[in-house]
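Enquirer: What follows is a structure written as structure tokens; I'll ask about it next.
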Amino acid sequence: MIKTRTFQNESTRGGIITQLLVLLIVIVFTSAVLLLLVKTGILRVSAETPQEPILNMEFIPIQRSGFLAVKEFEFCTVIYDDYNCIFPKEFFSPGDEVHFRFVVETSTYNGDVLLIENYRIKSPTGEVMLEIDEKDNFHFDLTSKGEKELITFKDYFTLGEGSDTGEYTLELVLENPLLQKKMTATKKFMVEEEFVGPVGVE
């Protein structure tokens with residue numbers, strides 16, 4: 002009796018193991034077939050929810066501390082090489098050269114100063130007569146040991162002979178890329194017909 006029970010138990014165990022092996026083979030075979038169908042494009046897998054990127058964040062640039070300002074500005078008849086303004090004036094005539102100088106105060110960044118100058122001239126009607134853009138701008142690069150610097154600029158432009166009379170606007174655009182700062186200063190000047198005195202009669 003004992004031997005018969007032992008034989009039956011061993012037969013049952015062998016049958017279970019065989020069934021498990023067959024089941025595993027079926028699962029592996031089915032998985033392989035499904036993968037093959039997906040790879041060939043016969044089956045398509047669609048996600049129920051849209052996949053989000055792992056890092057979904059917007060980086061906001063942090064503005065560096067420091068300052069950028071125009072401390073002085075004047076229109077001049079002539080400006081010498083030493084930046085000395087001769088005969089400051091705000092009234093000009095068609096065909097004149099309009100000279101101007103200004104002083105910029107800016108913070109340094111790691112001992113460096115970098116300034117970019119652009120400007121545009123607007124007529125009395127608001128039309129842009131001249132624009133110095135990024136292609137023609139002026140770059141100033143300096144190494145400094147201080148925390149701030151005062152830098153003097155000079156520039157000029159020429160009025161056309163047929164320029165209209167009235168109030169013109171100079172928009173000065175300054176940028177310090179190292180500080181990530183940009184500013185605009187607006188200055189006015191007048192264009193009037195040149196006064197011609199009476200001609201003497203002999």
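Numbers in the working numbering are just positions in the sequence shown, counted from 1, shifted up by 1. Glycine included, every Cβ here is placed at the ideal spot set by N, Cα and C. Just so you know, these numbers come straight off a predicted model, no measurement behind them.
(1) Got a sec, what are the start and stop residues for the beta strand (DSSP E) residue 167 sits in?
(2) Any idea what DSSP makes of residue 204, helix, strand or coil?
(3) Using DSSP bridges, identify the partner residues of residue 92.
(4) Can you pull the DSSP bridge partners for residue 73?
(5) Does the beta-carbon distance from residue 140 to residue 117 come in below 7 Å?
(6) Starting from the N-terminal side, write out each stretch of the beta strand (DSSP E) that is 3 residues or longer and does not extend beyond the stretch 127-167.
(7) Are the stretch 31-42 and the stretch 155-172 touching, with three or more C-beta to C-beta distances below 8 Å?
(8) Residue 166 to residue 73, Cα distance in whole Å?
(9) Determine the contact status of residue 173 and residue 120, defining contact as a CB-CB distance below 7 Å.
(10) At the level of alpha carbons, what is the spacing between residue 181 and residue 111?
(11) Could you tell me the distance, in whole angstroms, from the CA atom of residue 187 to the CA atom of residue 195?
(12) CA-CA distance, residue 50 and residue 146?
(13) For the beta strand (DSSP E) that contains residue 97, what are its first and last residues?
(14) Thinking residue 148 and residue 114 are a contact (beta carbons under 8 Å), I'd like their distance in whole angstroms, please.
(15) Can you tell me whether residue 19 is helix, strand or coil according to DSSP?
(16) Between the Cα of residue 66 and the Cα atoms of 103, 17, 192, 107, which residue gives the shortest distance?
(17) Name the one or two DSSP bridge partners that residue 121 has.
(18) Considering Cα atoms alone, identify which of 27, 152, 162 is closest to residue 102.
Expert: Quick look at the numbers:
(1) 167-177
(2) Beyond the ends of the chain as shown, which are 2 and 203, falls residue 204; an answer cannot be given.
(3) 191
(4) 104
(5) yes
(6) 129-133, 139-144, 149-159
(7) no
(8) 26 Å
(9) yes
(10) 14 Å
(11) 25 Å
(12) Any reading at residue 50 must be qualified, since the residue scores a pLDDT of 49, below 50, and its modelled position is unreliable; the value itself is stated next. Looking at the two C-alpha atoms, the distance is approximately 57 Å.
(13) Taken as a continuous stretch (DSSP letters only), residue 97 belongs to no beta strand (DSSP E), as it is neither H nor E.
(14) So it is not a contact: roughly 11 Å between Cβ atoms.
(15) helix
(16) 107
(17) 132, 172
(18) 152
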